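Here our numbering is used: the first residue of the sequence shown is 13, the next is one more, and so on.
A virtual CB, placed ideally from N, CA and C, is assigned to each residue, including glycine.
These numbers were taken from a predicted model, which means no experiment stands behind them.
These notes concern the structure reproduced below.
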Amino acid sequence: MNDILRQKLIPLIYQCEMPGRYTGGEINSIAKNQAKIELSIALAYPDTYEVGMPFTGFQILYHQINRKPNLAAERVFAPWTDMETLLRQHKLPLVSLETFTPLKDFDLLGFTLPYELTYTNILNMLDLANISLHRETRQENEPLIIAGGSCAYNPMPLVPFVDIFLIGDGENILVEILQTLANEKKRGASRLEKLKAVHWPHRGIFIPELNPKADRQTVKASKTIHLALENYPPKPVVPLIEITHDRFSLELMRGCTEGCRFCQAGMTYRPVRERAPEDLETQTKTVITNTGYEEMSLMSLSSSDYSGLSQYLENTLPWLKDNNVSVSFPSLRLDGMSEEIVKVAASQRKSGFTFAPEAGTQRLRNVINKNISEEDLWKSVKQALDFGWRTLKFYFMFGLPTETNDDLDGIIQLILQLRRIARTYGKVQINITMSTFIPKPVTPFQWEKQNLPHEILKKIEYLKQRLHFSNVKLKFRSPHHSLIESILARGDEAAGNLIFNAWKLGARFDAWHKQLNHTIWQDAIALSRVDTDRELAERNPDVPLPWEFIDAGLSKKYLLRERNKAYSAAQTHDCRDGCTACGVCDFENLTMRIYSQNNVEKSDLQPEIRAQEKFSSDNSGAFLLRIAFSKGDSLRFVTHHDLYRLLLRAINMLRLPIVWTQGFNRRAKISLGYPVPLGYTAEHEYMDLLFTAPVPGILPMMNRLLPDGLHLKNAQQIEPSAKSVMESTVMLSYQAHFSEKIPAALL
Numbered sequence: 013m014n015d016i017l018r019q020k021l022i023p024l025i026y027q028c029e030m031p032g033r034y035t036g037g038e039i040n041s042i043a044k045n046q047a048k049i050e051l052s053i054a055l056a057y058p059d060t061y062e063v064g065m066p067f068t069g070f071q072i073l074y075h076q077i078n079r080k081p082n083l084a085a086e087r088v089f090a091p092w093t094d095m096e097t098l099l100r101q102h103k104l105p106l107v108s109l110e111t112f113t114p115l116k117d118f119d120l121l122g123f124t125l126p127y128e129l130t131y132t133n134i135l136n137m138l139d140l141a142n143i144s145l146h147r148e149t150r151q152e153n154e155p156l157i158i159a160g161g162s163c164a165y166n167p168m169p170l171v172p173f174v175d176i177f178l179i180g181d182g183e184n185i186l187v188e189i190l191q192t193l194a195n196e197k198k199r200g201a202s203r204l205e206k207l208k209a210v211h212w213p214h215r216g217i218f219i220p221e222l223n224p225k226a227d228r229q230t231v232k233a234s235k236t237i238h239l240a241l242e243n244y245p246p247k248p249v250v251p252l253i254e255i256t257h258d259r260f261s262l263e264l265m266r267g268c269t270e271g272c273r274f275c276q277a278g279m280t281y282r283p284v285r286e287r288a289p290e291d292l293e294t295q296t297k298t299v300i301t302n303t304g305y306e307e308m309s310l311m312s313l314s315s316s317d318y319s320g321l322s323q324y325l326e327n328t329l330p331w332l333k334d335n336n337v338s339v340s341f342p343s344l345r346l347d348g349m350s351e352e353i354v355k356v357a358a359s360q361r362k363s364g365f366t367f368a369p370e371a372g373t374q375r376l377r378n379v380i381n382k383n384i385s386e387e388d389l390w391k392s393v394k395q396a397l398d399f400g401w402r403t404l405k406f407y408f409m410f411g412l413p414t415e416t417n418d419d420l421d422g423i424i425q426l427i428l429q430l431r432r433i434a435r436t437y438g439k440v441q442i443n444i445t446m447s448t449f450i451p452k453p454v455t456p457f458q459w460e461k462q463n464l465p466h467e468i469l470k471k472i473e474y475l476k477q478r479l480h481f482s483n484v485k486l487k488f489r490s491p492h493h494s495l496i497e498s499i500l501a502r503g504d505e506a507a508g509n510l511i512f513n514a515w516k517l518g519a520r521f522d523a524w525h526k527q528l529n530h531t532i533w534q535d536a537i538a539l540s541r542v543d544t545d546r547e548l549a550e551r552n553p554d555v556p557l558p559w560e561f562i563d564a565g566l567s568k569k570y571l572l573r574e575r576n577k578a579y580s581a582a583q584t585h586d587c588r589d590g591c592t593a594c595g596v597c598d599f600e601n602l603t604m605r606i607y608s609q610n611n612v613e614k615s616d617l618q619p620e621i622r623a624q625e626k627f628s629s630d631n632s633g634a635f636l637l638r639i640a641f642s643k644g645d646s647l648r649f650v651t652h653h654d655l656y657r658l659l660l661r662a663i664n665m666l667r668l669p670i671v672w673t674q675g676f677n678r679r680a681k682i683s684l685g686y687p688v689p690l691g692y693t694a695e696h697e698y699m700d701l702l703f704t705a706p707v708p709g710i711l712p713m714m715n716r717l718l719p720d721g722l723h724l725k726n727a728q729q730i731e732p733s734a735k736s737v738m739e740s741t742v743m744l745s746y747q748a749h750f751s752e753k754i755p756a757a758l759l
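Here it is in structure tokens:
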């Protein structure tokens with residue numbers, strides 16, 4: 013731990029809007045002894061802590077690296093604008109969460125590339141870390157910059173800034189890269205020698221310095237053959253503050269067989285690789301026991317396609333119910349919504365049911381190969397309404413290839429029909445989100461034109477005028493966002509100059525609706541001499557695209573064939589129903605892994621699950637404990653609400669017999685006293701915990717699990733009818749410590 017830097021940064025953190033973004037110290041985080049480490053990497057996410065922490069890939073890499081004794085991975089997230097201002101004012105560097113180590117002191121800085129509109133944040137993080145922005149000017153003592161993720165399939169806009177790109181699945185190669193670099197470091201290799209040691213284009217590694225445009229080698233994307241249980245963290249990091257998706261995400265499978273022609277993820281994550289239900293059950297029980305999460309989601313591009321879903325739910329749901337864990341399905345295909353799935357979802361809190369027909373007419377759905385019918389849509393809508401949902405969410409795109417006004421009218425007619433159906437169920441809220449189609453690399457539509465902003469605005473107005481109803485809420489994504497995203501998504505190396513100029517002019521957090529400054533980007537476009545009409549125009553298939561040297565497995569012949577089928581509104585069947593000759597599979601090692609076809613490997617790994625105490629319960633709710641606790645320096649920025657969550661998760665990990673309120677929005681009977689002001693420590697606070705059975709030894713059990721800084725001091729059983737903590741409080745005592753002597757005149 014860099015205590016000197018930490019002491020300098022804490023007063024700045026206190027001034028920020030959300031201090032908990034920068035303090036670290038989370039449950040299951042890992043801070044290694046740097047003296048025993050051969051190579052270190054800071055895993056960097058170019059957005060805020062609460063946006064980046066739910067990213068499953070981040071947790072997988074963190075786990076894989078840190079289980080190697082000679083390697084260390086720490087984390088860093090993009091500081092919000094208030095923290096950036098303070099760092100620059102006080103001339104302090106951007107540091108890691110685990111040990112407050114300056115980023116420039118790591119051997120590598122590894123960026124996740126989740127979205128094109130985070131690119132200016134990457135430059136900002138490098139600058140705040142005092143690392144040279146352009147790779148060609150970096151010195152021997154500066155970290156190597158490595159980047160990977162979904163946007164790496166077109167690495168060209170970031171080529172001026174990144175030393176190493178990892179294309180494809182990272183978990184089966186990143187550790188090998190780091191071990192190779194550790195060996196090179198031990199022998200005193202130069203920066204160039206290190207790059208040469210990991211120049212493996214046949215395994216997904218693109219190094220611009222060693223693979224120049226004049227003589228560019230093909231880079232074959234890395235693909236994980238089996239999604240092995242040991243690659244997933246049994247103890248993922250549990251944030252101290254609330255994040256955007258504050259739950260455990262279980263990856264059911266990777267890839268999608270549907271073949272939607274606009275979907276980059278559906279193309280690049282091929283082939284489908286399912287996981288064994290037994291492995292999923294093991295991971296679920298292990299992670300829930302080690303984190304105390306009260307909610308989990310089943311994650312994949314289309315969860316209802318997973319062939320082992322029924323077996324997993326049958327074996328796991330009773331255990332989840334016993335542990336008060338709810339399950340959500342973030343991605344369901346309209347024609348795959350079985351009654352079983354809807355029943356499971358209906359038993360949880362009903363925040364809203366999401367549908368993604370994407371287009372308003374069957375013709376246009378055929379064009380994009382969205383293999384659902386209106387019959388599927390209405391069947392699914394009625395199922396959701398029958399099971400009690402009263403908020404329905406719909407996603408559509410406009411600007412799709414071959415779109416006409418008839419297709420916009422189709423959206424209107426769908427929503428009008430939806431209102432007619434919903435009217436028979438009482439008050440139903442209908443939320444519609446409209447997004448602009450953006451042609452993405454490695455899709456059949458990568459050559460298509462994109463609507464210009466004024467064309468999109470015209471379509472927005474057309475829909476607004478015709479869908480003005482009290483129970484219909486329309487949400488449109490800014491066409492200016494889409495313009496920038498498209499330029500960066502299909503850009504070449506020259507787009508790096510645009511990113512640099514936009515950052516210099518002040519662009520930050522462009523993915524945030526209220527943060528993207530249209531004027532800044534217009535000025536940067538002019539300064540960089542970018543022709544937006546040309547960038548958004550249709551591309552000639554005979555002219556190589558900037559990213560065409562990246563081999564994602566799909567042949568150009570297949571992509572063009574799918575594009576031609578789109579123009580005749582011809583559909584392509586699901587991969588599961590027969591090979592579509594896309595080119596990804598070699599049918600030996602790399603092939604579809606479908607559980608129901610008996611070609612999915614089950615792991616023999618049995619992660620250690622902490623033994624949980626058994627408590628006899630008489631369901632009387634008569635055991636009320638009043639517990640005194642302290643909240644130390646490392647938790648001074650944890651809010652009252654987040655403190656409740658931390659306590660609940662420790663209780664869940666131990667399976668203590670806490671009493672719950674009834675209904676869908678259940679809450680554990682944890683009663684805290686008056687909130688401790690943010691930034692304050694607390695020497696002696698109280699809480700009440702209501703149990704259905706005695707809990708002997710609760711203090712040592714919980715103290716072992718709670719993060720540093722939160723300590724339970726003593727416990728006393730009191731009568732359930734006793735006054736609450738707040739009612740019993742007669743005085744609040746505060747102490748203030750000053751860094752300088754206070755003048756007598758002020759006392």
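So for residue i, helix, strand or coil by DSSP?
| i | result |
| --- | --- |
| P558 | coil |
| D119 | coil |
| M714 | helix |
| Q374 | helix |
| T366 | strand |
| A523 | coil |
| D317 | helix |
| H723 | strand |
| E290 | helix |
| A43 | coil |
| K485 | strand |
| M95 | helix |
| R573 | helix |
| G595 | coil |
What is the rounded straight-line gap between the Cα of residue i and the Cα of residue j?
| i | j | result |
| --- | --- | --- |
| L717 | F635 | 22 Å |
| C597 | G372 | 33 Å |
| I606 | T592 | 16 Å |
| E766 | T414 | Residue 766 is absent from the model: the chain starts at 13 and stops at 759. |
| G644 | Y698 | 14 Å |
| A368 | Q458 | 21 Å |
| R147 | L758 | 54 Å |
| K247 | P465 | 46 Å |
| N443 | R546 | 34 Å |
| I427 | S385 | 15 Å |
| G422 | L517 | 42 Å |
| I754 | Y746 | 17 Å |
| K614 | R287 | 8 Å |
| V88 | T35 | 11 Å |
How about residue i: is its Cβ closer than 7 Å to a heavy atom in the ligand ATP?
| i | result |
| --- | --- |
| R678 | Ligands displayed in this structure: none; no statement on the ligand ATP is therefore possible. |
To which residues does DSSP link residue i through a beta bridge?
| i | result |
| --- | --- |
| A56 | V88 and F123 |
| Y407 | T445 |
| K232 | D563 |
| W672 | A680 |
On the DSSP letters alone, give me the boundaries of the beta strand (DSSP E) that residue i sits inside.
| i | result |
| --- | --- |
| M699 | A694 to F703 |
| R638 | F635 to K643 |
| E263 | F260 to E263 |
Following the continuous alpha helix (DSSP H) through residue i, name the residue where it begins and the one where it ends.
| i | result |
| --- | --- |
| K206 | R203 to A209 |
| M308 | Segment E307 to M311 is the beta strand (DSSP E) holding M308; no alpha helix (DSSP H) there. |
| A662 | H652 to L666 |
Notebook entry, point to check: Would you say the region 655-671 touches the region 705-713, given that touching needs at least three Cβ pairs under 8 Å?
Noted result: yes
- Three or more beta-carbon pairs under 8 Å between the region 37-55 and the region 210-226, yes or no? no
Inter-stretch contact at 8 Å, needing at least 3 Cβ pairs: the region 305-317 / the region 249-265 = yes
- request: Decide if the region 168-182 is in contact with the region 190-199; the criterion is three or more beta carbon pairs, one per stretch, under 8 Å apart.
  value: no
- Query: Counting Cβ pairs closer than 8 Å, one from the region 23-31 and one from the region 95-107, do we hit at least three?
  - Reply: yes
May I ask you to verify whether the region 677-689 touches the region 599-617, counting CB pairs closer than 8 Å and requiring at least 3?
no
query = With contact counted as at least three CB pairs below 8 Å, one residue from each stretch, are the region 524-535 and the region 146-165 in contact?
reply = no
**Report entry** At least three beta-carbon pairs within less than 8 Å, the region 578-586 to the region 542-560
**Finding:** no
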